[in-house]
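Peer 1:
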Amino acid sequence: MKLVFDNFIFALKVTLNWCRYFGIFIPDELTGRRQKLLVRAYSVFMFMLFIGFFIITQIILFILVWGDLSLMTDVGLVLGTNLALSAKIAVFFFKREELASILKKNDDTLRFETREEGKKIISEIDRETNSFMKVFFCFGFGTVIAWFFSTPKGELHIATWYPFDTKRSPAYEIIMIHQGLAVAVIASLAITADLLMLTMIAVCRCRVKLVGLSLQTICDDLPCNVKNKLTSDEEVIVAKRIREYVIEHQAILDCISELQNHFSPALLGQLLTSVVIICVTAYQLAVEKSSDMMRQFTMASFLFGMSTEMFMFGYQGGHLSHDSMEVATAAYSCPWYTFPTSLKRSLLVIMIRAQQPALLTAGGFTTLSLETFVTIMKASYSFFTVLQEATD
19 MKLVFDNFIF ALKVTLNWCR YFGIFIPDEL TGRRQKLLVR AYSVFMFMLF IGFFIITQII
79 LFILVWGDLS LMTDVGLVLG TNLALSAKIA VFFFKREELA SILKKNDDTL RFETREEGKK
139 IISEIDRETN SFMKVFFCFG FGTVIAWFFS TPKGELHIAT WYPFDTKRSP AYEIIMIHQG
199 LAVAVIASLA ITADLLMLTM IAVCRCRVKL VGLSLQTICD DLPCNVKNKL TSDEEVIVAK
259 RIREYVIEHQ AILDCISELQ NHFSPALLGQ LLTSVVIICV TAYQLAVEKS SDMMRQFTMA
319 SFLFGMSTEM FMFGYQGGHL SHDSMEVATA AYSCPWYTFP TSLKRSLLVI MIRAQQPALL
379 TAGGFTTLSL ETFVTIMKAS YSFFTVLQEA TD
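In terms of my numbering, the sequence shown is residues 19 to 410.
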C-alpha cells in the first residue's frame, strides 16, 4: 500500500492523503483478509475517537437540555456539523472502490492531455480548486483557533455529556486534550471532505471542456480542400475521431451519474444541516449579543464558512450544467458543413445529447446551483426569524 496517494490535481492530492491518514478514504486495492480487517478497524477507531463519541454524547445532552433554547442551539451547532460530516464519511468509506475507479479514470485523462489548449483548461481547474482549498483552510483553521481562545476558563471546548464530574483533575485536563484534538480533526476532515467532493465535480467539468475542445478542433490538423469538402481519407479520420469523442462524452456522463448516485444522499444531509446551522449561528450572533469578541468572531467565521461551503457546491453544480451544454456549441463550431451526411448525423447525436444538462442533485429534491444557494439562505433567514420571535 502506497504511503502517498498521487493525483494530477493538487487539491485532490492533498485532500485524498489527509482523508487517507485518518482512515476515511483508503482507495488502494488491499490484498489479504488481515490487511483489510486492520484497515477497517483503524477507520472505525479513528471515526469513533474523534466524531462518533461526540455524536452519541451530544445526542444524550441534547435530550437532557430539551426546552432550553440557548443550550440546544449550542449543542445542535456541533452535532449538526458532525452528522453532516458522518454522512460524507459513510460515502467515502462504503463507496471507496467506486470512487477510486472514478478518480483513476479522471486522473488518467488529465495526464494524457498533450494539447496546449487542453493543458490551459486543466491549469484553470487546478488553480480554481487550489483557491477553494486556500479559502476553506484559512477560514476553517481561523475558526478553530478562535474557538480555542473563546472557551471560558474551566469550561469545555465542546458542550457534551460525560457520566462523571468533568471539572475535577485530571479528568478535566484529559478531556480538554481530547476535545482540542477532536475540534482540529473534525474541522480538517469537514474541509477535506467538502474539497474532495467539490474537486471531483470540478475535474468532471474539466473533462467536459476537453471534449468540447476536441470537437471544436476536430479538423484543425487536416489540410484545407479547395472544394470545401473532406476527402475520403479525411472522412475516415473524422469518423474515427467523432466515434472516440462520443465514447468519451458518454464516459464523462456516466462518471457524473455515478457521482450523483454516491454524493446525492450526503449532499441532501449537508443541505438540511446547513439551513439549521446557518440559522442557529445567526441566532447566536444576533440574539445572545455576547460581549466576548473572540466568541463573536468564532460564530461569524463559522457562519461565513458554512455559507461559503454551500455557495461552492452551488457554483460547481451550476457550472457543470452550463459546461455540459456548451458541448453542443463546441460541436456546432467545427466545420460540419464540410462533412458528408453520415458524419453530420453522428455529430448531431452529441449535439442533441448535450442539450440535456448534466445535473447534480441533493437527494433528488433540488439541483445544485446558485439558485439553490439563494434558496438555502432564504430558508435559513426564515428559521432565524422564527427563533428570534420565540425568544422575544
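The C-beta atom is built at its ideal place from N, Cα and C for all residues, glycine as well.
Using only the alpha-carbon positions, how far apart do Y301 and E344 sit?
Peer 2: Taking the straight line joining both Cα atoms gives about 42 Å.
Peer 1: Would you report the Cα separation of N100 and V162, rounded to the nearest angstrom?
Peer 2: Whole-angstrom Cα-Cα distance: 15 Å.
Peer 1: Sorted by chain position, which residues of the same chain lie with C-beta nearer than 6 Å to G336's C-beta, five sequence neighbours on each side aside?
Peer 2: Excluding positions up to five away in sequence, the list reads S387 and L388.
Peer 1: Taking C-alpha atoms, which residue in I219, G136, V109 and D144 lies nearest to V229?
Peer 2: Comparing Cα positions, the closest option is G136.
Peer 1: In three-state DSSP terms, what is V244?
Peer 2: Its pLDDT being 48, under 50, V244 is placed unreliably by the model, and nothing is read from it.
Peer 1: Buried or exposed for A372, please, with buried defined as at least 16 other CB atoms from any protein chain shown within 10 angstroms of its CB.
Peer 2: It counts as buried.
Peer 1: For A380, which residues does DSSP report across the bridge?
Peer 2: For A380, which the question treats as bridged, DSSP gives the partners T384.
Peer 1: Hey, I107 and I42: beta-carbon distance below 7 Å or not?
Peer 2: A contact, by the Cβ cut-off of 7 Å.
Peer 1: Indicate the three-state DSSP secondary structure (helix, strand or coil) for D86 in the structure shown.
Peer 2: D86: coil per DSSP, three-state reduction.
Peer 1: The alpha helix (DSSP H) with H175 in it runs from where to where?
Peer 2: No alpha helix (DSSP H) contains H175, which DSSP labels as neither H nor E.
Peer 1: Drop a sphere of 10 angstroms on the beta-carbon of I394, count the other beta-carbons inside from all chains shown, and report buried for 16 or more, exposed for fewer.
Peer 2: Buried, because 16 or more other Cβ atoms sit within 10 Å of the Cβ of I394.
Peer 1: Assign R133 to one of three DSSP states: helix, strand, or coil.
Peer 2: Correct three-state label for R133: coil.
Peer 1: Please go through the same chain and pick out, in chain order, the residues whose beta-carbon is closer than 7 Å to the beta-carbon of C297, but skip the five residues on each side of it.
Peer 2: Around C297: S398, F401, F402 and L405.
Peer 1: Tell me the DSSP secondary structure of N148 in three-state form.
Peer 2: Looking at N148 - three-state DSSP - the assignment turns out to be helix.
Peer 1: Measuring straight from C-alpha to C-alpha, what distance separates G85 and G98?
Peer 2: Cα-Cα distance, rounded: 18 Å.
Peer 1: Under a Cβ-count criterion, where at least 16 other Cβ atoms within 10 Å of its own Cβ denotes burial, should Q268 be classed as buried or exposed?
Peer 2: So Q268 counts as exposed.
Peer 1: I need the DSSP call for F357, collapsed to helix, strand or coil.
Peer 2: F357 falls in the coil class under three-state DSSP.
Peer 1: In whole angstroms, what is the alpha-carbon distance linking F331 and L366?
Peer 2: Cα-Cα distance, rounded: 31 Å.
Peer 1: From the DSSP output, in three-state form, read off P188 for me.
Peer 2: If DSSP states are grouped into helix, strand and coil, P188 belongs with coil.
Peer 1: Taking the continuous alpha helix (DSSP H) assigned at T291, which residues delimit it?
Peer 2: S250 to Y301 is the span of the alpha helix (DSSP H), which, as asked, contains T291.
Peer 1: Leaving aside the five residues before and after A318 along the sequence, list all residues of the same chain whose C-beta is less than 7 Å from its C-beta, in chain order.
Peer 2: Cβ neighbours of A318 beyond the five flanking positions: L303.
Peer 1: Measuring CB to CB, does A380 end up less than 7 Å from I274?
Peer 2: No. Outside cutoff.
Peer 1: Please classify F110 as buried or exposed, where buried requires at least 16 other C-beta atoms within 10 Å of its C-beta.
Peer 2: F110 comes out buried.
Peer 1: Spell out a yes or no on whether the stretch 177 to 193 and the stretch 232 to 251 are touching, meaning 3 or more CB-CB pairs, one atom from each, closer than 8 Å.
Peer 2: Counting Cβ pairs under 8 Å, fewer than three are found: no touch.
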